[in-house]
Amino acid sequence: MRHAASNFAVPITSKKELEIALESLLPHPAPSRELEQYTLPAYLAAELLWAAYMSGDVEGRAVLDLGCGTGILAIGAALLGASAVLGVDVDVVALRVAARNAASVGVASKVTWVASRVPEFFARVDTVVENPPFGVWRKGADMVFLTKSMECGDVVYSLHKSSEETRRLVRKLASDMGFSIAWLSEGHALRLKPTMPFHELRDY
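Those letters in the sequence shown? Residues 3 to 206, per the working numbering, in order.
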(Lines of atoms letter the chains of each structure in order from A; the text may use other names.)
(Lines give C-alpha, C1' and ligand atoms only; values in the text may rest on other atoms or scores of the structure.)
Protein backbone atom coordinates (compact mmCIF):
# COMPACT_ATOMS: atom_id res chain seq x y z
CA MET A 3 0.00 0.00 0.00
CA ARG A 4 1.36 3.42 -0.97
CA HIS A 5 1.00 6.49 1.20
CA ALA A 6 -0.41 9.68 -0.24
CA ALA A 7 2.37 11.90 -1.49
CA SER A 8 3.09 14.97 0.61
CA ASN A 9 5.90 17.31 1.50
CA PHE A 10 8.09 16.24 4.38
CA ALA A 11 10.08 18.41 6.77
CA VAL A 12 13.69 18.43 5.59
CA PRO A 13 15.87 17.11 7.00
CA ILE A 14 13.89 14.07 8.10
CA THR A 15 15.18 12.99 11.50
CA SER A 16 13.80 9.47 11.94
CA LYS A 17 14.38 6.28 10.01
CA LYS A 18 10.68 5.41 10.16
CA GLU A 19 9.61 8.73 8.66
CA LEU A 20 12.21 8.25 5.92
CA GLU A 21 10.82 4.80 5.13
CA ILE A 22 7.26 6.17 4.98
CA ALA A 23 8.36 8.90 2.57
CA LEU A 24 10.18 6.41 0.33
CA GLU A 25 7.19 4.06 0.31
CA SER A 26 5.13 6.83 -1.31
CA LEU A 27 7.34 6.98 -4.42
CA LEU A 28 6.18 5.65 -7.77
CA PRO A 29 7.96 2.59 -9.27
CA HIS A 30 9.17 2.24 -12.84
CA PRO A 31 6.17 1.66 -15.15
CA ALA A 32 8.01 -0.88 -17.33
CA PRO A 33 11.27 -2.07 -15.73
CA SER A 34 13.89 -3.62 -17.99
CA ARG A 35 15.24 -7.07 -17.16
CA GLU A 36 18.42 -6.36 -19.12
CA LEU A 37 19.07 -3.21 -17.08
CA GLU A 38 18.15 -5.13 -13.91
CA GLN A 39 15.67 -2.45 -12.88
CA TYR A 40 14.32 -4.20 -9.81
CA THR A 41 12.40 -2.09 -7.31
CA LEU A 42 14.44 -1.43 -4.19
CA PRO A 43 12.20 -1.91 -1.13
CA ALA A 44 11.73 1.25 0.92
CA TYR A 45 12.89 -0.44 4.12
CA LEU A 46 16.21 -1.46 2.56
CA ALA A 47 16.76 1.97 0.99
CA ALA A 48 16.01 3.56 4.36
CA GLU A 49 18.43 1.17 6.08
CA LEU A 50 21.31 2.09 3.76
CA LEU A 51 20.56 5.83 3.84
CA TRP A 52 20.10 5.93 7.60
CA ALA A 53 23.45 4.21 8.11
CA ALA A 54 25.06 6.85 5.89
CA TYR A 55 23.21 9.64 7.70
CA MET A 56 24.23 8.41 11.16
CA SER A 57 27.86 8.22 9.98
CA GLY A 58 27.76 11.90 8.97
CA ASP A 59 27.92 11.12 5.25
CA VAL A 60 24.62 12.67 4.08
CA GLU A 61 23.49 15.82 5.86
CA GLY A 62 25.34 18.82 4.43
CA ARG A 63 27.16 16.60 1.92
CA ALA A 64 27.18 16.38 -1.87
CA VAL A 65 25.65 12.99 -2.68
CA LEU A 66 25.60 11.00 -5.92
CA ASP A 67 23.20 8.14 -6.74
CA LEU A 68 24.64 6.10 -9.62
CA GLY A 69 22.03 4.18 -11.59
CA CYS A 70 19.35 6.06 -9.67
CA GLY A 71 16.35 4.55 -11.45
CA THR A 72 13.19 6.21 -10.15
CA GLY A 73 15.22 8.05 -7.53
CA ILE A 74 14.63 6.33 -4.22
CA LEU A 75 18.19 6.73 -2.87
CA ALA A 76 18.75 10.19 -4.34
CA ILE A 77 15.45 11.46 -2.98
CA GLY A 78 16.12 9.86 0.38
CA ALA A 79 19.47 11.65 0.57
CA ALA A 80 17.74 14.95 -0.21
CA LEU A 81 15.16 14.28 2.51
CA LEU A 82 18.00 13.68 4.97
CA GLY A 83 19.49 17.11 4.29
CA ALA A 84 22.17 16.54 1.66
CA SER A 85 23.51 19.88 0.40
CA ALA A 86 23.31 18.73 -3.24
CA VAL A 87 22.19 15.50 -4.88
CA LEU A 88 22.90 14.08 -8.33
CA GLY A 89 20.87 11.19 -9.73
CA VAL A 90 22.38 9.50 -12.79
CA ASP A 91 20.71 6.93 -15.02
CA VAL A 92 20.75 5.87 -18.67
CA ASP A 93 16.96 5.41 -18.73
CA VAL A 94 15.15 8.69 -19.43
CA VAL A 95 11.77 7.15 -18.54
CA ALA A 96 13.10 6.29 -15.08
CA LEU A 97 14.44 9.84 -14.73
CA ARG A 98 11.03 11.34 -15.58
CA VAL A 99 9.47 9.22 -12.83
CA ALA A 100 12.29 10.22 -10.49
CA ALA A 101 11.58 13.91 -11.12
CA ARG A 102 7.88 13.36 -10.37
CA ASN A 103 8.79 11.47 -7.21
CA ALA A 104 11.09 14.25 -6.02
CA ALA A 105 8.33 16.81 -6.57
CA SER A 106 5.80 14.65 -4.72
CA VAL A 107 7.82 14.79 -1.48
CA GLY A 108 8.97 18.39 -1.83
CA VAL A 109 12.62 18.00 -2.83
CA ALA A 110 12.45 18.74 -6.58
CA SER A 111 14.82 21.70 -6.21
CA LYS A 112 17.38 19.65 -4.29
CA VAL A 113 18.09 16.93 -6.87
CA THR A 114 19.64 17.22 -10.34
CA TRP A 115 18.84 14.36 -12.71
CA VAL A 116 21.41 13.42 -15.36
CA ALA A 117 20.87 11.08 -18.33
CA SER A 118 24.17 9.26 -18.84
CA ARG A 119 25.77 5.86 -19.05
CA VAL A 120 27.65 5.27 -15.81
CA PRO A 121 31.07 4.57 -17.41
CA GLU A 122 30.91 7.94 -19.19
CA PHE A 123 29.87 9.97 -16.14
CA PHE A 124 32.12 11.75 -13.67
CA ALA A 125 31.60 14.17 -10.80
CA ARG A 126 33.46 14.65 -7.53
CA VAL A 127 31.18 14.25 -4.51
CA ASP A 128 31.45 13.52 -0.81
CA THR A 129 29.26 10.41 -0.80
CA VAL A 130 27.97 7.88 -3.33
CA VAL A 131 24.86 5.80 -2.63
CA GLU A 132 23.92 3.13 -5.14
CA ASN A 133 21.92 0.02 -5.87
CA PRO A 134 23.86 -1.23 -8.90
CA PRO A 135 22.86 -4.06 -11.23
CA PHE A 136 23.87 -7.33 -9.60
CA GLY A 137 25.49 -8.51 -12.82
CA VAL A 138 22.99 -11.33 -13.38
CA TRP A 139 22.09 -10.28 -16.93
CA ARG A 140 25.15 -8.13 -17.64
CA LYS A 141 28.12 -9.90 -16.12
CA GLY A 142 30.47 -7.51 -14.36
CA ALA A 143 28.02 -4.58 -14.37
CA ASP A 144 28.13 -4.36 -10.58
CA MET A 145 31.91 -3.90 -10.63
CA VAL A 146 31.66 -1.20 -13.32
CA PHE A 147 29.31 0.76 -11.03
CA LEU A 148 31.46 0.17 -7.97
CA THR A 149 34.63 1.29 -9.77
CA LYS A 150 32.95 4.50 -10.91
CA SER A 151 31.56 5.16 -7.44
CA MET A 152 35.03 4.97 -5.90
CA GLU A 153 36.38 7.29 -8.59
CA CYS A 154 33.68 9.85 -7.78
CA GLY A 155 33.18 9.68 -4.03
CA ASP A 156 35.14 9.86 -0.80
CA VAL A 157 32.72 7.39 0.81
CA VAL A 158 30.55 4.80 -0.96
CA TYR A 159 27.41 3.00 0.21
CA SER A 160 26.46 0.18 -2.13
CA LEU A 161 24.13 -2.83 -2.26
CA HIS A 162 25.40 -6.14 -3.61
CA LYS A 163 24.42 -9.75 -4.21
CA SER A 164 25.10 -12.05 -1.28
CA SER A 165 27.71 -14.53 -2.52
CA GLU A 166 31.31 -15.39 -1.72
CA GLU A 167 32.35 -14.60 -5.30
CA THR A 168 30.85 -11.11 -5.07
CA ARG A 169 32.54 -10.52 -1.71
CA ARG A 170 35.87 -11.62 -3.16
CA LEU A 171 35.52 -9.31 -6.15
CA VAL A 172 34.43 -6.36 -3.99
CA ARG A 173 37.33 -6.86 -1.57
CA LYS A 174 39.85 -7.02 -4.42
CA LEU A 175 38.45 -3.97 -6.20
CA ALA A 176 38.30 -1.96 -2.98
CA SER A 177 41.89 -2.88 -2.18
CA ASP A 178 43.03 -1.96 -5.70
CA MET A 179 41.24 1.42 -5.42
CA GLY A 180 42.61 2.13 -1.94
CA PHE A 181 39.32 1.72 -0.06
CA SER A 182 38.45 -0.25 3.06
CA ILE A 183 35.11 -2.04 3.55
CA ALA A 184 32.63 -2.18 6.42
CA TRP A 185 29.70 -4.55 5.84
CA LEU A 186 26.59 -2.81 7.16
CA SER A 187 24.23 -5.77 6.88
CA GLU A 188 24.91 -9.38 6.08
CA GLY A 189 25.06 -9.90 2.34
CA HIS A 190 23.57 -6.58 1.25
CA ALA A 191 24.84 -3.14 2.22
CA LEU A 192 28.44 -2.10 2.56
CA ARG A 193 30.34 1.10 3.30
CA LEU A 194 33.65 1.87 1.64
CA LYS A 195 36.05 4.66 2.46
CA PRO A 196 39.64 5.47 1.49
CA THR A 197 42.29 3.67 3.49
CA MET A 198 44.93 6.37 3.01
CA PRO A 199 44.59 10.16 3.42
CA PHE A 200 45.74 11.03 -0.09
CA HIS A 201 42.66 9.39 -1.55
CA GLU A 202 40.53 12.02 0.18
CA LEU A 203 42.49 14.78 -1.55
CA ARG A 204 42.31 13.59 -5.15
CA ASP A 205 41.90 16.37 -7.68
CA TYR A 206 40.51 15.40 -11.10
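Even for Gly, the Cβ is constructed at its ideal location relative to N, Cα and C.
{"query": "Let me know if Phe147 comes out buried or exposed under the rule of 16 or more other beta-carbons within 10 Å of its beta-carbon.", "result": "buried"}
{"query": "Look at Gly78 and Ala100 and say whether their C-beta atoms are less than 8 Å apart.", "result": "no"}
{"query": "Provide the residue span of the alpha helix (DSSP H) that contains Gly78, from first to last.", "result": "Ile74 to Leu81"}
{"query": "Check the C-beta distance from Met145 over to Leu171 and give it rounded, since I have them as a contact under 8 Å.", "result": "6 Å"}
{"query": "Verify whether the separation of the beta carbon atoms of Val113 and Phe10 is less than 8 Å.", "result": "no"}
{"query": "Short of 8 Å in beta carbon distance, which residues of its chain neighbour Leu20, apart from the five on each side in sequence? Order them along the chain.", "result": "Ile14, Ala48, Leu51, Trp52, Gly78, Leu81 and Leu82"}
{"query": "From Leu27 to Glu166, what does the alpha carbon distance come to, in whole angstroms?", "result": "33 Å"}
{"query": "Output the distance between the C-alpha atoms of Gly155 and Gly180, rounded to the nearest integer angstrom.", "result": "12 Å"}
{"query": "Helix, strand or coil for Ser160 per DSSP?", "result": "strand"}
{"query": "In this structure, what does DSSP give as the bridge partners for Phe10?", "result": "In DSSP, Phe10 forms no bridge with anything."}
{"query": "Roughly how many angstroms lie between the CA atoms of Glu132 and Thr149, to the nearest whole one?", "result": "12 Å"}
{"query": "To the nearest angstrom, how far is it from the Cα of Ala105 to the Cα of Ala184?", "result": "33 Å"}
{"query": "Should Arg35 be labelled buried (16 or more other beta-carbon atoms within 10 Å of its own) or exposed?", "result": "exposed"}
{"query": "Under 8 Å, do Phe123 and Val130 count as touching if we go by C-beta distance?", "result": "no"}
{"query": "Is the distance from the Cβ of Val127 to the Cβ of Asp59 below 8 Å?", "result": "no"}
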